[in-house]
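Residue numbers (the numbering used here): 235 to 416.
See the structure below:
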């Protein structure tokens with residue numbers, strides 16, 4: 235039997251069908267008292283790591299998304315982040331003037347915040363359930379809820395007399411994590 239690749243409309247309809255089924259199941263089980271809708275609502279208010287689900291459903295033929303979702307970090311990006319200067323709870327990464335801020339690990343952009351000083355902060359929920367924070371960006375080149383991969387540029391660093399830099403933090407459930415034990 236010949237395998238036929240799904241087109242855009244077919245993939246959309248599958249996503250719509252799965253989403254509708256999940257919504258109806260949650261409402262139905264909430265009505266009969268099997269699940270507590272308040273607990274569901276509270277857990278949905280947090281950013282669930284949907285990348286693990288997509289990666290398992292996607293498989294080798296990329297059923298849902300036509301992209302490779304991997305948890306590896308590219309060598310160039312890893313080398314850049316290893317050279318960062320330690321600051322409280324994170325790293326200060328210095329880059330070239332024309333170099334963008336590259337994502338450390340694949341994830342979903344869950345927040346874009348404009349700081350009081352005019353710079354930006356981008357939060358990425360990584361595939362490994364860590365929250366990666368890229369702070370003091372001069373500009374942002376990504377959208378909220380966009381899936382970003384390791385090495386993809388999400389913005390421009392802040393330029394000062396001392397050079398171009400940004401701050402990088404990693405959190406696990408609100409607690410700082412040191413990925414680069416120095």
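Even for Gly, the Cβ is constructed at its ideal location relative to N, Cα and C.
Query                                                                                                                                                                  : Result
Which residues in the same chain have their Cβ closer than 6 Å to the Cβ of residue 348, if we skip the five residues on either side of it in sequence?                : 354
Can you tell me whether residue 384 is buried or exposed? The criterion is at least 16 other CB atoms within 10 Å of its CB, across all chains shown.                  : buried
Can you tell me the Cα-Cα spacing of residue 314 and residue 378, whole angstroms?                                                                                     : 25 Å
Mark residue 253 as exposed unless 16 or more other C-beta atoms lie within 10 angstroms of its C-beta, in which case mark it buried.                                  : exposed
Nearest CA to the CA of residue 316: which residue from 322, 328, 394 and 343?                                                                                         : 328
Could you give the distance in angstroms between the alpha-carbon of residue 268 and the alpha-carbon of residue 246?                                                  : 30 Å
Does the region 406-414 come close enough to the region 368-376 that 3 or more CB-CB pairs lie under 8 Å?                                                              : no
Once DSSP output is grouped into helix, strand and coil, what is the label at residue 367?                                                                             : strand
State the CB to CB distance for the pair residue 363 and residue 339, rounded to an integer number of angstroms; the pair is presumed to be in contact (CB under 8 Å). : Incorrect: roughly 11 Å between the Cβ atoms, too far for contact.
How is residue 266 classed by DSSP in three states: helix, strand or coil?                                                                                             : coil
Comparing the CB of residue 319 with every heavy atom of the ligand GDP, is any distance shorter than 7 Å?                                                             : Looking at this structure, you won't find the ligand GDP or any other ligand, since it has none at all.
Exposed or buried, what is residue 322 when buried is set at 16 or more other beta-carbons lying within 10 Å of its beta-carbon?                                       : exposed
I need the DSSP call for residue 315, collapsed to helix, strand or coil.                                                                                              : helix
For residue 244, does the three-state DSSP call read helix, strand or coil?                                                                                            : helix
Under the three-state reduction of DSSP, which class applies to residue 259: helix, strand or coil?                                                                    : helix
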